[in-house]
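Chemist: Residues in the sequence shown are numbered from 4 upward in steps of one, following the numbering used here.
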Amino acid sequence: MQFGAILRMASNYTQDRLTAAVERVLSGNPAARVAAEFQIPASTLRKWVSNAKKGIVRQRRGPKPLLPLDTEEAIQDWIIGRQIVCHPVGRADIMKKAIEISELVAGRAVTDGWYTRFRQRHPDLTDRSAQVLSRTRNTVDFDDARLLFSSLAKAIIESNASADQVFNMDETAFYKAPKSKRVVAVRRSKNVWMATPTTSFHMTTIACGSAAGFVVPPVFILPGKTVSLDILQGVEVPGAGVTGTPTGFLNMELFELWLSIFAAAVPPTVKRPLILVMDGCGSLYSSAIIEHATKLQVVLVCLPANATHLFQPLDVAVFASFKGKLRVLVNEFLDEGEAGSYSIDKATAVSIACMAWKGCKFATNVKSGFEVCGLFPLSLVNMQHRMDIYTRNGTPADIRLAAWLQAEPAIRREILTLPLPATKSKGRKRKTAPVSG
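Here it is as structure tokens:
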């Protein structure tokens, strides 16, 4: 019975627990006491303490990995390096490189099992969904952040503005059907299709909130010149509006009208002028717009071009939650709707958008977004932090590009090469060929 108890105890401890116990003994704690505390046989603990003093490290059971440890570390460095330079890799890319290396060093290719064990041996790596950025969005630099900081600082200082005077305005689309979705299906299924609702129109939501957490009621833009009464009946957000433009997008005429709606929605107890931070889209600006904003005591501050993903509070902290609620509600509509009904009409779209709006904690999120982006309280440090995250492509601050992962040697060796020097001919070069008769 005593031997059986020892066997059961031995099978319960993990490698991490054994390592921690060995370190405790090496630091001067009695082995017997540590063995009892960690539930590890005293003889086993003393054995690995002795091995640790000799520099012997416990190896995993089973055959050795096909690739040496330093090679796997190099592959991990390469994966991290690709992420840092905005070219992250997936399983297929990693397997391709591993196969090339294993055929070179071991004479045979690694298998899918190697990839599974490689991921287990490197828990710092994880699966993430990469967001696609256009080339123009990859051109943002810290000079843009300094310009935004200076412009906003000037507006805040001149008006002695508080948090309830600083607003952010942006627009977002209603719903985009996902191209794919991970689901649970029966094994050996060749293909799995998914029905998804569609809309035959584009609907835009205009959102606006302050650094103090005040939320301006949304405006929903539909395509068309008129809005039917049944659509208006589905508006469940107090003060929200529904209007139409030829395309369903915000245009200059509607923006001028929205500025009046915005100024009227902010309580008169809030000191003027109001500072409105927004995307610098050229299609919304004109001398008439600036003059109208001045009359309303609204100061317009434009974000740097292609930088909304970095410095726009609504983009950073609000719209993800709002769109997440939209997806859930659209899926519920699909599940609870009539059989074969996969189309969303305008009235349903407005109703779903209102429900998502009420459930996305707009006030809390927009207030947090202002602080994170460094817009209020105004902070160049936070702006720099946003730029650093973008520059590192989301990698933790303590992760650095491996020293050996440098492009310069390859550039010098393979790209910036010189043509071979011309050789002098020993005789006169013939310029004609004989022609036979």
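Heads up, the beta-carbon is just placed ideally off N, CA and C, and yes, glycines get one too.
Just so it is clear, the structure is predicted and the values come from calculations on it, not from any experiment.
With a threshold of 7 Å on Cβ separation, who are the neighbours of S371 within its own chain once the five nearest residues in sequence on each side are excluded?
Modeler: The answer, listed in chain order, is A320.
Chemist: Is the distance from the Cβ of F252 to the Cβ of H205 below 8 Å?
Modeler: In contact: F252 and H205 (Cβ atoms closer than 8 Å).
Chemist: At the level of alpha carbons, what is the spacing between T74 and T201?
Modeler: Between T74 and T201, the C-alpha separation is close to 49 Å.
Chemist: Span of the alpha helix (DSSP H) holding A210?
Modeler: First-last for A210: T207 to S213, but that is the beta strand (DSSP E), not the alpha helix (DSSP H).
Chemist: Determine, using beta-carbon pairs with one atom in the segment 349-365 and one in the segment 321-328, whether at least three such pairs fall under 8 Å.
Modeler: Counting Cβ pairs under 8 Å, three or more are found: they touch.
Chemist: Helix, strand or coil for C376 per DSSP?
Modeler: In this structure, C376 counts as helix in the three-state DSSP scheme.
Chemist: Is the beta carbon of S105 closer than 8 Å to that of L155?
Modeler: No, the pair does not count as a contact, with Cβ atoms beyond the cut-off.
Chemist: Measuring alpha carbon to alpha carbon, tell me which residue in P221, S354 and R94 is nearest R131.
Modeler: Measuring from the Cα of R131, the nearest candidate turns out to be R94.
Chemist: CA-CA distance, F258 and V369?
Modeler: Computed Cα separation, rounded: 21 Å.
Chemist: Under the three-state reduction of DSSP, which class applies to M4: helix, strand or coil?
Modeler: Only weak support exists for where M4 lies, its pLDDT of 40 falling under 50; the value from the coordinates is given anyway. It is coil, neither helix nor strand.
Chemist: Determine the closest residue to A215 out of C89, A176, V187 and P380, with distance taken between C-alpha atoms.
Modeler: Minimum Cα distance to A215 is reached at P380.
Chemist: Determine the closest residue to I278 out of L287, Q300 and S286, with distance taken between C-alpha atoms.
Modeler: The shortest Cα separation from I278 among L287, Q300 and S286 belongs to Q300.
Chemist: Run the CB neighbour count on T367, radius 10 Å, all protein chains shown included, and call it buried at 16 or more, exposed below.
Modeler: Exposed: under 16 other Cβ atoms inside 10 Å.
Chemist: Kindly say whether R395, judged by its beta-carbon, lies nearer than 8 Å to any beta-carbon of chain B.
Modeler: The structure shown contains no chain B; it is built from a single protein chain.
Chemist: With DSSP as the reference, label C305 as helix, strand or coil.
Modeler: If DSSP states are grouped into helix, strand and coil, C305 belongs with the strands.
Chemist: What is the rounded straight-line gap between the Cα of V240 and the Cα of L225?
Modeler: The alpha-carbon atoms of V240 and L225 are separated by roughly 17 Å.
Chemist: Leaving out five residues before and five after L303 in sequence, what residues of the same chain have Cβ atoms less than 6 Å from its Cβ?
Modeler: Excluding sequence neighbours, L303 sits near L279 and A296.
Chemist: Excluding five sequence neighbours on each side, which residues of the same chain lie with their C-beta closer than 8 Å to the C-beta of A34?
Modeler: So the qualifying residues of the chain are V28, A45, L48, R49 and V52.
Chemist: In the structure shown, what three-state DSSP assignment does T22 receive?
Modeler: In the structure shown, T22 sits in a helix (DSSP, three-state: H, G or I).
Chemist: Output the distance between the C-alpha atoms of V187 and K193, rounded to the nearest integer angstrom.
Modeler: Computed Cα separation, rounded: 13 Å.
Chemist: For S346, which beta-bridge partners are listed by DSSP?
Modeler: T201, per the DSSP bridge assignment.
Chemist: Using the three-state DSSP reduction, which class does D115 fall into: helix, strand or coil?
Modeler: D115 falls in the helix class under three-state DSSP.
Chemist: From which residue to which residue does the alpha helix (DSSP H) around D173 run?
Modeler: That residue, D173, is in no alpha helix (DSSP H); its beta strand (DSSP E) goes V169 to A176.
Chemist: Out of S213, V88, V238 and L232, which one is the CA nearest neighbour of F223?
Modeler: Comparing Cα positions, the closest option is V238.
Chemist: Give me the Cα-Cα distance between I264 and V189, rounded to the nearest whole angstrom.
Modeler: Rounded to the nearest angstrom, the two C-alpha atoms are 53 Å apart.
Chemist: Helix, strand or coil, according to DSSP, for F223 in the structure here?
Modeler: F223 falls in the strand class under three-state DSSP.
Chemist: Keeping to the same chain, check which residues put their C-beta closer than 7 Å to that of I87; ignore five residues upstream and five downstream.
Modeler: Closer than 7 Å at the Cβ level, and outside the excluded window around I87, lie R395, N396, T398 and L404.
Chemist: So, helix, strand or coil for L299, using DSSP?
Modeler: Three-state DSSP puts L299 in coil, outside helix and strand.
Chemist: Helix, strand or coil: which one does DSSP assign to L155?
Modeler: Correct three-state label for L155: helix.
Chemist: Please say whether T248 and N254 have beta carbons closer to each other than 8 Å?
Modeler: Contact flag set, yes.
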